[in-house]
Each structure stands twice: as C-alpha cells, then as structure tokens.
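Read the structure below first, then the notes.
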Amino acid sequence: MDIDELMRRLSELYPEDYPDGFQDPFFVLISTVMSHRTRDNVTYPSAKKLFEKFSTAEEMAEADVVEIEALIRDVGFYRVKTGRIKEISRILLEKHDGRVPDDMETLLELPGVGRKTANCVLAHAFLKDALAVDTHVHRISNRLGLVKTKVPEKTENELKKIFPQRYWKHINLLLVKLGQNVCRPISPRCGVCVLNDMCPKILL
DNA sequence: AAAACGGGGGC
DNA sequence: GCCCCAGTTTT
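Structural data, given as structure tokens:
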C-alpha cells in the first residue's frame, strides 16, 4: 500500500483545511463532544449556532441549561450533551484557568471526553501528532486491509506504524469525509472512490 | 460485554 | 415509516 499516494489523493479530493472555528480549542472540544453519534452536517451548523450565543467556557458555564438545549436540539443526545458542556465548562474554569488542556490525561478527566474526542482536540486544536480513531477511520482502515482488529486503541497503534507521523493529525478529518460521502457503512460508492484501484475491499 | 442515551436524514 | 449514525458512560 502506497501511503503517500493515498494521502495525496485524499488531500486533493478534500483540499480545505480545518473548518472555520477550529482555531479555537474550546470550539473544537465542544463541537467534538456534540458530534458523538451525530452526522457532521448536523453537528457543525448546530455548534456554530451555539457559539454565536456563547463562545467561551465562562459564558457557557453561566448560560441557562434550557437555552443551550434549545440551541443544540438538532444533535442527538442533546440533553446529555448539554449537561456535559456545562460540566466541562465549569471544570475548565475551576481547575484549568478557563483553558482547554492540551494533554491526553487531563482531557480524559472531562465528562463526555474519551480517547477519540481527546485525540481530535490534540490534533485539530493543538496541531499535535494525534490520531483519532472513530467508526469511519476504523471501517475504512479495515476495508483497505490496513488493520484487522475491532479494538479502537489497537487500530490507533497499527495505523501509527503504517502512516508517517506528519499525516496522523489529518487522517481523521479526511477519512470522515470519505466515510460520509463515498466509503459509507452500507452500500459504499466504490465506483467513484479515488482509492478504488488500491483497495482490496475487505468486509464491504 | 452489552445496554442506554436520542433526533435528523436517507431510503 | 424504518433504519442507521464523528462515542462515552453505566450496568
């Protein structure tokens, strides 16, 4: 498998860098928590709407729960997520001077933040060499024959052996886009996939 | 290891 | 109308 060629094709297909707002670690953190089990095209507009009203941990901690719930009602689990957003904001203010932590261990202490979310924050907000494995990354890696495990943490380590370190932070966003539009969970559109000729199409 | 949380979008 | 989906926490 020619990894450089694979990344070249995906970068050419999805050339845009991080979405607007991703220069703010707090936006990356909250929008990623909102994204759990929810499609990107629903999550992102909802997160932007939320941040038009409340854009800092302090404003979010002060905000009325009902008002936040109303703003993010489009995403799934919105009541649970509102509680997490409030609690995360409170903890950031109380323990971290209102800032988003930039290390895995501290991020994992926040409610609603697991390894995938923490890696997204490290990669997208702090531009660290983190590799976030979600269902898209996992599924596509399996179809490409790059990994053969169901354990996300194993997938992360396997991919880190295969991909040069400079690519790690870009893998999640690129494969999520491919996973939504082309390499879908059910009935993937292999005919229009830029990776078609290098894909063994395992476990379609 | 499996259930629970939940509303939008594709078909 | 039915079924699936950018995970994490709890049982």
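Read in order, the letters of the first sequence are residues 1342 to 1545 in our numbering.
Here a beta-carbon is modelled for each residue, glycine too, at the ideal position from N, C-alpha and C.
This structure is a prediction, so every number in the text was calculated from the model and none was measured.
Practice prompt. Specify whether the stretch 1515–1533 and the stretch 1473–1484 touch according to this definition: at least 3 beta carbon pairs, one from each stretch, less than 8 Å apart.
Written response: yes
Practice prompt. Report back the beta-carbon spacing between Glu1420 and Glu1410 to the nearest angstrom; my notes put them in contact at under 8 Å.
Written response: This sequence places Arg at residue 1420; Glu is not what is there. With a Cβ gap of about 6 Å, Arg1420 and Glu1410 count as contacting.
Fill in: N- and C-terminal bounds of the alpha helix (DSSP H) containing Thr1458
1456–1461
Worksheet entry | Residue burial classification, Asn1382 (beta-carbon count within 10 angstroms, cutoff 16) | exposed
Worksheet item: What does a CB cutoff of less than 7 Å around Ala1473 pick up in its chain, not counting 5 residues either side in sequence?
Response: Lys1457, Asn1460, Cys1461, Ala1464, Asn1513
Worksheet item: Alpha carbon to alpha carbon, what distance is there between Leu1370 and Asp1405?
Response: 20 Å
Discussion item. With a threshold of 7 Å on Cβ separation, who are the neighbours of Phe1367 within its own chain once the five nearest residues in sequence on each side are excluded?
Written reply: Thr1397, Ala1398, Val1441
Discussion item. What does the alpha-carbon distance come out to for the pair Phe1363 and Gly1520?
Written reply: 21 Å
Worksheet item: Sorted by chain position, which residues of the same chain lie with C-beta nearer than 8 Å to Leu1487's C-beta, five sequence neighbours on each side aside?
Response: Met1342, Glu1499, Leu1500, Ile1503
Worksheet item: Can you tell me whether Arg1484 is buried or exposed, with buried defined as 16 or more other CB within 10 angstroms of its CB?
Response: buried
Worksheet item: Roughly how many angstroms separate the alpha carbons of Asn1537 and Lys1427, rounded to a whole number?
Response: 44 Å
Worksheet entry | Terminal residues of the alpha helix (DSSP H) in which Ile1429 lies | 1419–1436
Discussion item. Taking the straight line between their C-alpha atoms, what separation do you get for Gly1507 and Val1407?
Written reply: Checking the sequence shown, residue 1507 turns out to be Arg, not Gly. If I take the Cα positions, the gap works out to 42 Å.
Item to complete: Look at the alpha carbon of Ser1376 and the alpha carbon of Arg1414, and state the distance between them as a whole number of angstroms.
Response: 12 Å
Discussion item. Let me make sure I understand the geometry here. Which of Arg1431, Asp1475, Lys1510, Lys1542 has the alpha-carbon closest to that of Pro1493?
Written reply: Asp1475
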